[in-house]
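Numbering (the working numbering), first residue to last: 20 to 201.
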Ligand code: CA
């Protein structure tokens, strides 16, 4: 199951770089280059995490963040804000609008990636865990192996993905289409 990431950035070179690198890290990427398009995409298909530039055409990152936080269904989507502003006051303004973390340009990709993992871990520890455990069942995401009461179970790739999906989304009901989309 790939995590859906929305990158909102109007600087094309940076957008391409982020897209390329996060794609390599295994995220399913969608992009927007202005605030309004981003908002439409979030309403239509909410991502698992949003990387949001502060200065954007049409709707600023701060305003977009406020709107997302006001929406009951989307208020918990983790948001990391990118900004050229490094002032303490701006940082406070960013955090007050509801962003989960904040990174000042220029930044290293590795630092952004680490912060994203930390934010995801805080919002849902299962999302980035290497091992998913439910009662006596253990799924190892790195080695792609499954164990029941310490005995290995053989699963095909689709069965593995389905089990992983259900283990990361417990106590929820999904339609066939929703499952196929993941
Ligand atoms: Ca910008």
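Backbone N, C-alpha and C fix where the C-beta goes; we use that ideal spot for every residue, glycine too.
What is the residue span of the beta strand (DSSP E) that residue i lies within?
{"i": "residue 165", "result": "164–167"}
{"i": "residue 28", "result": "Per DSSP, residue 28 belongs to no beta strand (DSSP E) and is neither H nor E."}
{"i": "residue 69", "result": "68–72"}
{"i": "residue 96", "result": "Careful: residue 96 lies outside any beta strand (DSSP E) and carries neither H nor E."}
{"i": "residue 171", "result": "170–172"}
Under the three-state reduction of DSSP, which class applies to residue i: helix, strand or coil?
{"i": "residue 128", "result": "helix"}
{"i": "residue 78", "result": "coil"}
{"i": "residue 51", "result": "strand"}
{"i": "residue 118", "result": "coil"}
{"i": "residue 157", "result": "strand"}
{"i": "residue 150", "result": "strand"}
Is residue i near ligand 1, judged by its Cβ being under 6 Å from some heavy atom?
{"i": "residue 72", "result": "yes"}
{"i": "residue 29", "result": "yes"}
Thinking just about the alpha-carbon of each residue, which of the options is nearest to the one in residue i?
{"i": "residue 28", "options": "142, 55, 45 and 178", "result": "55"}
{"i": "residue 149", "options": "47, 141, 160 and 143", "result": "160"}
{"i": "residue 53", "options": "173, 60, 41 and 77", "result": "77"}
{"i": "residue 186", "options": "175, 158 and 194", "result": "158"}
{"i": "residue 68", "options": "82, 171, 100 and 90", "result": "100"}
{"i": "residue 135", "options": "58, 71 and 171", "result": "71"}
{"i": "residue 73", "options": "89, 184, 181 and 112", "result": "112"}
{"i": "residue 22", "options": "178, 31 and 96", "result": "96"}
{"i": "residue 61", "options": "90, 177 and 38", "result": "90"}
{"i": "residue 116", "options": "86, 164 and 107", "result": "86"}
{"i": "residue 170", "options": "156, 177, 178 and 181", "result": "156"}
{"i": "residue 48", "options": "190, 34 and 82", "result": "34"}
What residue range does the alpha helix (DSSP H) around residue i cover?
{"i": "residue 177", "result": "176–187"}
{"i": "residue 38", "result": "31–43"}
{"i": "residue 199", "result": "195–200"}
Just to check, is the beta-carbon of residue i closer than 6 Å to a non-hydrogen atom of ligand 3?
{"i": "residue 183", "result": "This structure lacks ligand 3; the ligands present are ligand 1."}
Consider the Cβ of residue i: report whether some Cβ of chain D lies at a distance smaller than 7 Å.
{"i": "residue 97", "result": "Absent from the structure is chain D; it holds one protein chain and no more."}
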